[in-house]
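Q:
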Amino acid sequence: MADNTNSAQTQKKQFYKKKHREQMKHQVITFAMMIAFTMLAFGLVMAEVDAMFTIPIILVLAAVQVLFQLYYFMHMAEEGHEWPAAMIYSGVFAAVLTILALTIIVWW
């Protein structure tokens with residue numbers, strides 16, 4: 001009986017060790033990608049590329065970085081984070097809707 005519980009504990013430890021290793025690998029890769037995105041945005045500004053090209057690219061890179069931070073560093077992709085994710089998405093939806101409405105009002 002003792003061998004069975006030790007074996008189960010060993011398997012559990014190995015499972016969590018593998019899971020933590022995978023999470024750390026994803027976080028390091030994500031961090032490296034965020035650094036690369038930041039350097040790319042900085043390079044576009046330093047190279048004085050046309051603003052009509054630079055601004056949308058920087059905004060897209062910023063949005064991707066926000067998603068990376070939410071899903072990998074704040075663990076939003078894990079179980080139990082459905083409600084916070086829904087609240088964040090609804091907040092983003094409300095913000096986009098507000099900006100869209102104000103833009104239409106100003107330009108109309």
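In this note's numbering, the protein residues as written are 1 to 108.
Just so it is clear, CB atoms sit at the ideal spot from N, CA and C, and this is done for glycine as well.
Just so we're clear, the structure is a prediction, and the values are computed from it rather than from any experiment.
Taking 8 Å as the threshold, find out whether the stretch 10 to 26 comes into contact with the stretch 48 to 63 through three or more Cβ pairs.
A: Touching, no, given that fewer than three Cβ pairs across the two stretches are closer than 8 Å.
Q: On the CB-based measure, 16 or more other CB atoms within 10 Å of its CB, does residue 42 come out buried or exposed?
A: Residue mapping note: residue 42 aligns to position 42 of the sequence shown, counting from 1. Label assigned to residue 42: exposed.
Q: Are the CB atoms of residue 37 and residue 65 nearer to each other than 8 Å?
A: Counting from 1 along the sequence shown, the entry for residue 37 is found at position 37. Counting from 1 along the sequence shown, the entry for residue 65 is found at position 65. In contact: residue 37 and residue 65 (Cβ atoms closer than 8 Å).
Q: Pull up the distance between the alpha-carbon of residue 100 and that of residue 18, whole angstroms please.
A: In the sequence shown, the residue the question calls residue 100 occupies position 100. In the sequence shown, the residue the question calls residue 18 occupies position 18. Looking at the two C-alpha atoms, the distance is approximately 45 Å.
Q: So is residue 89 buried or exposed if we call it buried at 16+ other beta carbons inside 10 Å?
A: By 1-based counting over the sequence shown, the position of residue 89 is 89. Residue 89 comes out exposed.
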